[in-house]
Each structure stands twice: as structure tokens, then as C-alpha cells.
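Below is one structure, written out as C-alpha cells, with a few remarks after it.
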Amino acid sequence: MTAPAIVDAILGTRPTRRKRPIALAIVVGLSAHGLLAYAAWRAGPPIDAWAAALALQVHIDLERDEVAPIAAPPPPPPPEAGTILPGEPPLYPDIIGRRICLFFLMIR
């Protein structure tokens, strides 16, 4: 027996497949989905009553006003003598900042 030519192997006709396994898979899949839908339908009460009760409870909780008493914080202690408060200029010159500025001016 001789090997088929490469053109015949690539462009030749393919053997036909049987369509029975595909049809069987479709039937099994549809019936499984149908059984699950039927089981969910027969399992219990519809979800709309539960959803309505939950929505009512959420709205009741949102409308409820609860006021928790909060005491005013005590005032901060007065600053010690000699401390610099935020926003006030320092009492001593900024020597380090001036040295840094002079250094950068020298290297330019």
C-alpha cells in the first residue's frame, strides 16, 4: 500500500461523522436544565415574598434615627512657655535653610 500524496491528504474529503452523539448531548443537556428548573419551581415559595419582606426591613432600618450622645472633647492644655505654636514664625532664624540655599547658589 502506498502513502497518499500530501495534496490528497490535506485537501481530500474527510470521513463523515455520525450526528447521533451530538444530538444525544443536546437532548441530555436540555433535559438536565429542564429538570433543574422544575425542581426549583416545585421546591418552595417564590422569592418575591421574601424579597418584599427584606426590602421592608431595610427601609425600616434606614428610616430609624438613633442619636448617640457624644460628649464634647476637653479643651487642649495651654502650651508651655517657649514652645512654638503651629502657624507662628519661629523665634530664631532658619540657619539651616539659609545654608542650603547658599550652597545651591554656589554650585550654580
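Counting from 0, one number per residue, gives the positions in the sequence shown under numbering that gives the first Met the number 0. Even glycine gets a Cβ: it sits at the ideal position worked out from N, Cα and C.
- In the structure shown, the three-state DSSP call for A70 is coil.
- In the three-state reduction of the DSSP assignment, R13 falls in the coil class, being assigned neither a helical nor a strand state.
- For R19, the enclosing alpha helix (DSSP H) covers residues R19 to A42.
- In this model, A39 and D47 are separated by some 14 Å (Cα to Cα).
- Assigned with DSSP and collapsed to three states, E62 falls in helix.
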